[in-house]
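Contents: one structure, followed by commentary.
Number of protein chains: 2
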Amino acid sequence: MRVEDLKHRIRGIPDFPKPGILFRDITPLLSDGQAFRQAIDYIGGRYLDKHIDVVVGVEARGFIMGAALAYKLQAGNILIRKSGKLPYKTHRTTYALEYGTDSLEIHQDAIKSGQRVLVADDLLATGGTISAAVDLVKQLGGEIVELAFLIELTALKGREKLKEHSVFSLIQY
Amino acid sequence: MRVEDLKHRIRGIPDFPKPGILFRDITPLLSDGQAFRQAIDYIGGRYLDKHIDVVVGVEARGFIMGAALAYKLQAGNILIRKSGKLPYKTHRTTYALEYGTDSLEIHQDAIKSGQRVLVADDLLATGGTISAAVDLVKQLGGEIVELAFLIELTALKGREKLKEHSVFSLIQY
Numbered sequence: 009m010r011v012e013d014l015k016h017r018i019r020g021i022p023d024f025p026k027p028g029i030l031f032r033d034i035t036p037l038l039s040d041g042q043a044f045r046q047a048i049d050y051i052g053g054r055y056l057d058k059h060i061d062v063v064v065g066v067e068a069r070g071f072i073m074g075a076a077l078a079y080k081l082q083a084g085n086i087l088i089r090k091s092g093k094l095p096y097k098t099h100r101t102t103y104a105l106e107y108g109t110d111s112l113e114i115h116q117d118a119i120k121s122g123q124r125v126l127v128a129d130d131l132l133a134t135g136g137t138i139s140a141a142v143d144l145v146k147q148l149g150g151e152i153v154e155l156a157f158l159i160e161l162t163a164l165k166g167r168e169k170l171k172e173h174s175v176f177s178l179i180q181y
Numbered sequence: 009m010r011v012e013d014l015k016h017r018i019r020g021i022p023d024f025p026k027p028g029i030l031f032r033d034i035t036p037l038l039s040d041g042q043a044f045r046q047a048i049d050y051i052g053g054r055y056l057d058k059h060i061d062v063v064v065g066v067e068a069r070g071f072i073m074g075a076a077l078a079y080k081l082q083a084g085n086i087l088i089r090k091s092g093k094l095p096y097k098t099h100r101t102t103y104a105l106e107y108g109t110d111s112l113e114i115h116q117d118a119i120k121s122g123q124r125v126l127v128a129d130d131l132l133a134t135g136g137t138i139s140a141a142v143d144l145v146k147q148l149g150g151e152i153v154e155l156a157f158l159i160e161l162t163a164l165k166g167r168e169k170l171k172e173h174s175v176f177s178l179i180q181y
C-alpha cells in the first residue's frame, strides 16, 4: 500500500471543531488494519537502526502513534498528559492556544537523562503542542532523535517552530 | 519476562485521584520497552488465530492497549471517545459514574456489522466504562470476541457486570 493509498483513507470533515476548519479525520485509516499497519511500518521503519529507547506520545490521539511505534521499535512508551491526569510527581509546561493557555505534564522519572527519544503525534499543525512536549522531554535530559507525525498541515508552518529538531511527516496537506 | 515481573513494574500511588484510592500506575511498565512488548505479546498472543478484524480502545489510556494490540494483530484500531471529540456522525451512550453521568461516542461507520471485535483497556474496575463501550460496539453489529485488560481489580467485581462476555486480564489485584 502506497502513501497515496493511506492518504485516501483520511477524510476531511468541514467545520469541525468550529466553522471554517477542515478537520483531517484519520479514523478511516486507523480502522483499516492493513492501512494502519502500513502507516506505522512506514514511520517506524525510519528508526529501526536508530536505537530508540522510548517513544513519547501526547494525549490523546498521540497515544495511538506512540504505543504502536513503541511496540514496533521494542522501545518504552512515555505518556505526556493534560494537567492532573498523571498520578506521580510531574514536570509541567504551559503553552499558548488561540485563546488562553493549556498545560501538559510528564512524570519526573519517565525518561532517564541521555535516553534516545522519538516524539510521535498524529498531526503537526502550528507545532504549539509538540513544542511543549519537546520542552518536557528536554527537562528530563532526553535526547530527541526526531519528531514524527502521521499528517502535517504545511501551511501552518509548525516545522519552523520546531526547527532545532529533525521533523518527519508521512502525509502532507 | 514473567507476568510477575510485569506486575512489579506497576506502582501503587496512595490517595490518587482522591483520598482513600490506591491508584495502580502502569507508566513504569509502559516506559520499559521489554516489559511493554511482553505485556502486549502475552495479551495479543491469545488472539493470533482468532481472526480479529478490529481492536477497540477507550479514551485515553485504552488507546495505548488498543493501538499496540491492533498493530500486533494486523487489525484495525477503533476509537471510543468522550463526547464531542469525534468529528463524524456518532452513536452515543451515557453511563453512571459514582456521582453523575458520563458519555462515550463511536463513529457510526467505525465497525461493519459482523466484524470480529476485541475490546481492550488498561484497567477493569467496576466495569462501567467498558459496559458502555460494549453497548456501542453492539449498536454497530460488532461481534465481541473478548474483553481484554492489562489489570483487573477483582474486588470491584467488574467481571460480573460483563458476564455475557469472555473477559481476560493479565494482572490481578
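The listed protein sequences derive, respectively, from chains A and B.
Using our numbering, read the first sequence as starting at 9 and increasing by one per residue.
Using our numbering, read the second sequence as starting at 9 and increasing by one per residue.
The beta-carbon is built from N, C-alpha and C at its ideal position, and this holds for glycine as well.
Chain A contact residues for residue i, given Cβ-Cβ distances below 7 Å
i, result
"Ser39(B)", "Val62, Gly84, Asn85, Ile86 and Ala118"
"Ile48(B)", "Tyr79"
"Ile138(B)", "Ordered by position in chain A, no residue passes the 7 Å Cβ test against Ile138(B), which lies about 18 Å from the chain."
"Ile72(B)", "Phe71, Ala75 and Asn85"
Min CB distance residue i to chain B below 8 Å
i, result
"Arg95(A)", "In the sequence on display, residue 95(A) carries Pro and not Arg. Closer than 8 Å: yes."
"Ala75(A)", "yes"
"Phe157(A)", "no"
"His99(A)", "no"
"His3(A)", "Absent from the structure is residue 3(A), since the part of chain A shown begins at 9 and ends at 181."
"Ile51(A)", "no"
From the options, residue whose alpha carbon lies closest to that of residue i
i, options, result
"Asp13(B)", "Arg32(B), Tyr103(B) and Gln46(B)", "Gln46(B)"
"Val153(A)", "Gln147(A), Glu160(A) and Phe176(A)", "Phe176(A)"
"His173(B)", "Thr162(B), Arg54(B) and Ala156(B)", "Ala156(B)"
"Leu77(B)", "Tyr96(A), Phe44(A) and Thr98(A)", "Phe44(A)"
Cβ-Cβ distance between residue i and residue j below 8 Å
i, j, result
"Leu164(A)", "Thr137(A)", "no"
"Leu158(A)", "Ile34(A)", "yes"
"Thr101(A)", "Leu144(A)", "yes"
"Gly84(A)", "Asp40(B)", "yes"
"Leu92(B)", "Ala128(B)", "The displayed chain sequence assigns Gly, not Leu, to residue 92(B). Not in contact: Gly92(B) and Ala128(B) (Cβ atoms no closer than 8 Å)."
"Leu81(B)", "Ile60(B)", "yes"
"Asp110(A)", "Ile72(A)", "no"
"Glu67(A)", "Lys90(A)", "yes"
"Ala104(A)", "Leu148(A)", "no"
"Gly65(A)", "Leu87(A)", "yes"
Per-residue contacts from residue i into chain A (C-beta, under 8 Å)
i, result
"Glu67(B)", "Ala68"
"Ala141(B)", "The premise fails here: Ala141(B) is roughly 15 Å from chain A at the closest Cβ pair, so nothing lies under 8 Å."
Within chain B, partners of residue i - CB distance below 7 Å
i, result
"Asp33(A)", "Pro95 and Tyr96"
Proximal residues of chain A, C-beta to C-beta of residue i below 9 Å
i, result
"Arg45(B)", "Ala78, Tyr79, Gln82 and Ala83"
"Ile21(B)", "Pro95 and Tyr96"
Residue i at chain A interface by Cβ criterion, 8 Å
i, result
"Gln176(B)", "Note that residue 176(B) is Phe in the sequence shown, not Gln. No, Phe176(B) does not count as interfacial toward chain A."
"His173(B)", "no"
Neighbour list for residue i in chain B, Cβ cutoff strictly below 9 Å
i, result
"His59(A)", "Here the premise fails: no neighbours, minimum Cβ distance about 11 Å."
beta-carbon residue i near the ligand PLP non-hydrogen atom, thresh 7 Å
i, result
"Val125(B)", "The model on display carries no ligand, and the ligand PLP is accordingly not part of it."
Presumed contact (8 Å Cβ cut-off) between residue i and residue j, rounded CB distance
i, j, result
"Arg32(B)", "Gly20(B)", "6 Å"
"Glu151(B)", "Gln123(B)", "7 Å"
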